[in-house]
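Student: After the structure tokens below, expect a handful of questions from me.
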Amino acid sequence: MRVLVVDDDVQIIRAMRINLRARGYDVDTAPDGESALRLASERHPHVVLLDLGLPDMEGVEVIQRLRGWSQVPIIVLSARHSAGEKVRCLDLGADDYVTKPFGMDELLARMRAAERRAVPTEEAPVVHTDSFDVDLGAKRVTRDGEEVRLTPTEWHILELLARNAGQLVSQRQILHDVWGPNYQNETNYLRVYLAQLRRKLEPDPSHPRHLITEAGRGYRFEREG
Numbered sequence: 001m002r003v004l005v006v007d008d009d010v011q012i013i014r015a016m017r018i019n020l021r022a023r024g025y026d027v028d029t030a031p032d033g034e035s036a037l038r039l040a041s042e043r044h045p046h047v048v049l050l051d052l053g054l055p056d057m058e059g060v061e062v063i064q065r066l067r068g069w070s071q072v073p074i075i076v077l078s079a080r081h082s083a084g085e086k087v088r089c090l091d092l093g094a095d096d097y098v099t100k101p102f103g104m105d106e107l108l109a110r111m112r113a114a115e116r117r118a119v120p121t122e123e124a125p126v127v128h129t130d131s132f133d134v135d136l137g138a139k140r141v142t143r144d145g146e147e148v149r150l151t152p153t154e155w156h157i158l159e160l161l162a163r164n165a166g167q168l169v170s171q172r173q174i175l176h177d178v179w180g181p182n183y184q185n186e187t188n189y190l191r192v193y194l195a196q197l198r199r200k201l202e203p204d205p206s207h208p209r210h211l212i213t214e215a216g217r218g219y220r221f222e223r224e225g
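Numbering-wise (the UniProt record's numbering), the sequence shown opens with residue 1 and increments by one.
The following block contains the structure:
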């Protein structure tokens, strides 16, 4: 069984690696959210052990982005004890929440329980439409077998929408996640970039089938037009 441990504390990473390997697990480690998401798409762990306080993003964002394409069991390991924090993580898709410090035997039992509950799936972080394909692991888009060149900002918007396919993503959330908290009212940014994405990806940009606007609310990614 392969475990992905996500924590920016070097001592915790080292202790977890030693303890889990001694019990027969293969272990990958990540010090931040982006490398955790990349390793999850490349290595297909059976369980993710996730700290919430990461240097580049909150652990809850890792949960949300993983749940966009994967059902891998996620166990949060955190020093945050509040009931509200636990409920939030579980509601967003975490399978369990263990507060630090914890005993290794308890953690292993929770890991076994999460593995038993997991539904086996063929993990493939690729979102297919009838017009183009979005490979979330490789960070590339292909249309008619050819790679489509996107700017980093275009990719970030498309990735956020594709990971939440079929769901409304608010304008404020996109602006916050792509540009930062000081840009949450700059809706003109979104209109410009969505128009660029449609020109590159939609068969008929004036009548989009996949990148849908919900006026005054946000945007939705649809696999089938």
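Just so it is clear, CB atoms sit at the ideal spot from N, CA and C, and this is done for glycine as well.
According to the neighbour-count rule (16 or more other Cβ atoms, all chains shown, within 10 Å of its Cβ), is S70 buried or exposed?
Tutor: Buried: at least 16 other Cβ atoms inside 10 Å.
Student: Among D95, V141, G166, A22, whose alpha-carbon lies nearest the alpha-carbon of H156?
Tutor: It is V141 whose Cα lies nearest to the Cα of H156.
Student: Expressed to the nearest angstrom, what Euclidean distance is found between the alpha-carbon atoms of H81 and I212?
Tutor: Distance between the alpha carbons of H81 and I212: 40 Å.
Student: What residue from F132, R117, D96 has the CA that sits closest to V60's CA?
Tutor: Among F132, R117, D96, the Cα nearest to that of V60 is on D96.
Student: Along the chain, where does the alpha helix (DSSP H) containing E146 start, and where does it finish?
Tutor: Careful: E146 lies outside any alpha helix (DSSP H), inside the beta strand (DSSP E) at 146-148.
Student: List the residues that DSSP assigns as beta-bridge partners of S78.
Tutor: S78 pairs with T99.
Student: Give me, in chain order, the residues of the same chain whose beta-carbon lies closer than 7 Å to that of K86; leave out the 5 immediate sequence neighbours on both sides.
Tutor: If we look at K86 and ignore the five residues flanking it on each side, its Cβ neighbours are Y97.
Student: Using 10 angstroms around the beta-carbon of I18, count the other beta-carbons present and answer buried if the total reaches 16, otherwise exposed.
Tutor: Label assigned to I18: exposed.
Student: If we require 4 or more residues per run, which alpha helix (DSSP H) segments fall completely within the UniProt domain "OmpR/PhoB-type" (124-223)?
Tutor: Counting whole runs of 4 or more residues, the UniProt domain "OmpR/PhoB-type" (124-223) contains the alpha helix (DSSP H) stretches 152-163, 171-178, 187-201.
Student: At the level of alpha carbons, what is the spacing between P203 and E224?
Tutor: Between P203 and E224, the C-alpha separation is close to 12 Å.
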